[in-house]
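S.K.: Sharing a structure, written as C-alpha cells. Questions coming.
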Amino acid sequence: MTRRTRTTGRVVALGVAALSLPAVLAAAPAQARTAEPAWSADLSTVDGDDVNVAVRGDALTLRDPAWRPAEGVGQGYLLPAGRDLDRPVNRVTARVRGDVPADAAVEVDVRGRTADRDWTEWTPAGEVLAASVTTVQVRVTLTTTGATPAVRGVDLVGDTAPAPRAGVAAAPLTFRVFATREGLPGGTTANGHVIKQRDHFVALPSRRGLAPKNTGDYTVRVCRTDNSRCEYAPVWDVGPWNTKDDYWNPPSVRQMWQDLPQGKPQAQAAYQDGYHGGKDESGRRRVGNPAGIDLGDGTFWDGLKLSDNAWVNVSYLWTGSGPTGVVGTAGDPLNIRAQASTSAAVKGLAANTAKVIIECHVEGEQVTGPFGTSTIWDRIGPDHYVSDAYLRTGSDAPVAPKC
C-alpha cells in the first residue's frame with residue numbers, strides 16, 4: 116500500500132482573491148465589463164456528488180473534519196451543478212468569502228464542457244482552460260489539519276484570456292510510470308467512493324484528473340509494458356505520494372515541479388534521483404517507491420493480471436480527442452476483445468463508467484447489451500474492440516468512421 120499525503124496549513128489565494136467582485140468589474144473597461152459573466156456558486160445544496168461537506172447556518176464546512184481518505188488532512192469538496200454562460204470563456208477567476216483559519220485551506224477548481232461534450236481537465240481558478248467553453252463547473256475543496264473553514268460565498272467571473280493554452284492533441288498523452296496496488300477495501304476514495312473488494316479504479320497524484328463519484332469523466336488506459344493486458348479505468352482517488360503533481364501535463368501548465376520532464380512523476384524523481392531531498396511534496400515523508408499511479412485491486416489483479424508492483428504504460432484519455440462512449444454494465448467490467456466477436460481473445464477489461472475514445476468501428480457479431488442490440492463493434496485502442504451495445508454514445512448509429 117502506498118502512503119499518501121496532502122497539502123496543509125495555508126490559505127490558497129485564487130484568481131482575484133484580493134479584490135471584491137464589484138472591484139474586479141470596476142477595474143475593467145466598460146466594454147469588457149458587459150462581456151464578463153459574473154455569478155456566485157450555489158453553496159446551499161449538498162447531494163450525492165459531494166464529499167464530506169455540510170451546510171451549517173450560512174456557511175459550507177466540513178461534515179467531519181477528522182475524516183481522511185488517506186494519510187493527510189481532513190478534507191471534502193462541493194460540486195455545484197454546471198453553469199451555462201451566454202458567451203464563451205476560457206478562464207474563470209474566483210474569490211472565496213468566509214473564515215479560513217491558518218491551518219486550513221479552500222481551493223476552487225474549474226472545468227468546462229467543450230463543443231464535443233467532453234470536460235476539460237480540472238484547472239485552478241484563475242488559470243486558462245484548455246478550450247473556450249460556454250458551460251463551466253466549479254469544485255470547492257476544503258482541507259484542514261485543525262480548525263474547520265467556513266465558506267459563505269464563492270464569487271466567480273469568466274473572461275477570455277489573450278493567450279490560451281495549447282489545444283488538446285488528437286492522441287492521448289501516454290507515459291511509462293511505476294504502478295502500485297492501492298488495496299484499502301472498505302476505505303473511501305477522494306471522490307467519496309467506498310472501495311470494494313477487487314475494485315476497478317485508479318488514483319493519480321493530482322485532483323486535476325479526479326472524476327466525480329460514479330463517473331468516468333477522467334479515465335486512463337493502463338497497460339502492461341508489453342501491452343498484453345490493459346484496463347480502461349476511471350480516476351477516483353488522489354495519490355500516490357502527492358496531490359498536486361499532474362506530471363502528464365507540459366511544464367508550462369504543470370501545477371508543481373515545472374523543472375521536471377513531462378511524464379516524470381515527482382515521486383519517481385525523488386526516489387531515483389534524490390529530487391526534493393528524496394521526499395514528497397510536503398517535505399515530511401521520504402518517498403519509498405517511484406509510483407505515479409495507484410491501481411485498485413481489480414485493475415491490478417484482474418485487468419492487468421499483475422502479481423507485484425510494476426512499470427506500466429498509462430494513457431490519460433481526456434488529453435485526447437475524438438468521439439467517446441461510456442461503458443455501461445451491471446457493475447462488472449467489460450471484456451476487451453482482440454476482434455469483433457465474443458469468442459475472440461480477451462485483451463483486458465473496461466471498467467463500468469469508464470469513458471473511452473472511439474477510434475473507429477467495424478461490423479461483427481450481434482450482441483445485446485444495456486444499450487440495445489447491435490452488430491457494431493467499436494475500436495477503443497490498438498486491437499481493443501468492445502460491442503457498441505455496451506457503450507453509451509448518444510446514438511444507435513456508429514459515431515466514428517469505419518476502421
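Just so we're aligned, residue 116 is where the sequence shown starts under this note's numbering, counting upward by one. From the three backbone atoms N, C-alpha and C, an ideal C-beta is built for every residue, glycine too. Please read these numbers as outputs of a predicted model, since none were measured by experiment.
Do Asp173 and Leu194 count as a contact pair if the criterion is CB distance below 7 Å?
M.R.: For the purposes of this step, residue 194 is taken as residue 79 along the sequence shown, with counting starting at 1. For the purposes of this step, residue 173 is taken as residue 58 along the sequence shown, with counting starting at 1. No, they are not a contact pair.
S.K.: Do the region 311-322 and the region 348-365 make contact, defined as three or more Cβ pairs closer than 8 Å?
M.R.: Short answer: they touch.
S.K.: Would you mind stating whether Ile408 and Ala504 have Cβ atoms separated by less than 7 Å?
M.R.: Within the sequence shown, the letter at position 293 stands for residue 408. Within the sequence shown, the letter at position 389 stands for residue 504. No. Outside cutoff.
S.K.: Would you mind sorting Thr488 into buried or exposed? The rule is 16 or more other CB atoms within 10 Å of its CB.
M.R.: Position 373 of the sequence shown holds residue 488. Answer is exposed; the Cβ neighbour count stays below 16.
S.K.: Run through DSSP, which three-state label would Asp412 get?
M.R.: The residue given as residue 412 occupies position 297 in the sequence shown. The answer is helix: DSSP assigns Asp412 an H, G or I state.
S.K.: Since Val225 and Val266 should fall inside the 8 Å C-beta cutoff, what is the C-beta to C-beta distance between them, to a whole number of angstroms?
M.R.: Position 110 of the sequence shown holds residue 225. Position 151 of the sequence shown holds residue 266. Rounded, the Cβ-Cβ distance is 16 Å, inconsistent with contact.
S.K.: What separation, rounded to the nearest whole angstrom, lies between the Cα atoms of Phe290 and Gly378?
M.R.: For the purposes of this step, residue 290 is identified with residue 175 of the sequence shown, where counting begins at 1. For the purposes of this step, residue 378 is identified with residue 263 of the sequence shown, where counting begins at 1. Answer to the nearest angstrom: the Cα atoms are 6 Å apart.
S.K.: Does the beta carbon of Val269 come closer than 7 Å to any beta carbon on chain B?
M.R.: The structure shown contains no chain B, having only a single protein chain.
S.K.: Can you tell me the Cα-Cα spacing of Asp233 and Lys420, whole angstroms?
M.R.: Here the question's residue 233 lines up with position 118 in the sequence shown. Here the question's residue 420 lines up with position 305 in the sequence shown. Their Cα atoms are separated by approximately 31 Å.
S.K.: Starting from the C-beta of Pro516, find all residues in its chain whose C-beta is less than 7 Å away, skip the five residues before and the five after it, and write them out in chain order.
M.R.: Locating residue 516 in the sequence shown gives position 401, counting from the first residue. Closer than 7 Å at the Cβ level, and outside the excluded window around Pro516, lie Cys475.
S.K.: Kindly give me the distance between the Cβ atoms of Arg507 and Gly440, rounded to whole angstroms, as I take these residues to be in contact under 8 Å.
M.R.: The count along the sequence shown starts at 1 and reaches residue 507 at position 392. The count along the sequence shown starts at 1 and reaches residue 440 at position 325. Indeed, because the Cβ distance is near 6 Å, the residues count as touching under 8 Å.
S.K.: State the Cα-Cα distance for the pair Gln373 and Ser367, rounded to the nearest angstrom.
M.R.: Taking the sequence shown and counting its residues from 1, one reaches residue 373 at position 258. Taking the sequence shown and counting its residues from 1, one reaches residue 367 at position 252. Cα to Cα, Gln373 sits roughly 7 Å from Ser367.
S.K.: On the three-state DSSP scale, how would you describe Asp388?
M.R.: Residue numbering aside, residue 388 sits at position 273 when the sequence shown is read from its first letter. It is helical.
S.K.: Mind checking Val427: buried by the 16 CB within 10 Å criterion, or exposed?
M.R.: Looking up residue 427 in the sequence shown gives position 312. Under this definition Val427 is a buried residue.
S.K.: Measuring alpha carbon to alpha carbon, tell me which residue in Val223, Arg178, Gly189, Ala169 is nearest Ser155.
M.R.: One-based indexing of the sequence shown puts residue 155 at position 40. Taking only the C-alpha atoms, the option nearest Ser155 is Val223.
S.K.: Using a Cβ-Cβ cutoff of less than 6 Å, which residues in the same chain neighbour Pro152 once the five nearest sequence positions on both sides are dropped?
M.R.: As a working note, residue 152 is residue 37 in the sequence shown. Contacts found: Leu200, Gly273.
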